[in-house]
Amino acid sequence: MSEHKVQVEGDPVAVLRVAVDCAVQAVLRLDPRHADARQEINRVLTGYAATVAPVLDRLRDLADRTPNGPVSAALGFLRDADDQAASGDVQAARVFLLAGRAALFRLARAGPDGG
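This is the structure we're talking about:
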């Protein structure tokens with residue numbers, strides 16, 4: 001499954017989860033010391049952004065309603081991952097992406113609107 005072709009109807013959190021899962025799977029296979037690592041992490045994060053773009057406003061609304069919740073944390077970590085990738089720090093981008101995925105684990109306990 002490509003991170004660009006995620007099909008999850010109506011549930012922005014499900015879209016976020018699938019997009020992050022796809023990105024994590026891709027970066028776990030990535031050797032940060034490899035010459036193409038910067039290009040690859042940027043490709044992965046671009047795919048993530050394209051996947052969540054249609055539901056990003058809804059995710060931001062949910063994050064605003066629960067600023068310390070899992071969606072807010074995950075979106076923050078993904079912004080940090082993007083910032084680190086833009087500055088060329090592949091390892092830090094990976095760490096923030098994994099932290100974003102870990103933040104989403106809290107959703108199972110928080111319930112459907114746990115944000």
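Take 1 as the starting number for the sequence shown in the UniProt record's numbering and just add one per residue.
Beta carbons are placed, not taken as given, at the ideal position from N, Cα and C, and that holds for glycine.
A quick note: this is a predicted structure, and the numbers were derived from the prediction, not measured.
Three-state secondary structure (DSSP) of residue i
{"i": "Asn68", "result": "coil"}
{"i": "Pro32", "result": "coil"}
When the options are compared against residue i, the one with the closest alpha-carbon
{"i": "Ala86", "options": "Arg101, Gly69, Arg43, Gly10", "result": "Arg43"}
{"i": "Val71", "options": "Ala37, Ala35, Val52, Gly88", "result": "Val52"}
{"i": "Ala19", "options": "Asp31, Ala50, Ala37", "result": "Ala50"}
{"i": "Cys22", "options": "Ile41, Asp36, Gly88, Ala63", "result": "Ile41"}
Whole-angstrom C-beta distance between residue j and residue i, which should lie under 8 Å
{"i": "Phe105", "j": "Phe77", "result": "With a Cβ gap of about 12 Å, Phe105 and Phe77 do not count as contacting."}
{"i": "Ala74", "j": "Leu16", "result": "7 Å"}
{"i": "Arg79", "j": "Pro32", "result": "Contact doesn't hold; Cβ gap of about 20 Å is too wide."}
{"i": "Val13", "j": "Arg101", "result": "Between Arg101 and Val13 the Cβ distance is about 13 Å, and since that is not below 8 Å, they are no contact."}
{"i": "Phe82", "j": "Leu45", "result": "A small correction: the amino acid at residue 82 is Asp; Phe does not occupy that position in the sequence shown. With a Cβ gap of about 5 Å, Asp82 and Leu45 count as contacting."}
For residue i, the first and last residue of its enclosing alpha helix (DSSP H)
{"i": "residue 116", "result": "Residue 116 lies beyond the residue range present for the chain, which begins at 1 and ends at 115; the question has no answer from this structure."}
{"i": "Ala103", "result": "90-105"}
{"i": "Ala50", "result": "37-52"}
CA-to-CA distance, residue j to residue i, given in whole angstroms
{"i": "Val27", "j": "Arg65", "result": "30 Å"}
{"i": "Val90", "j": "Asp11", "result": "30 Å"}
{"i": "Gly88", "j": "Ala37", "result": "9 Å"}
{"i": "Asp61", "j": "Pro54", "result": "13 Å"}
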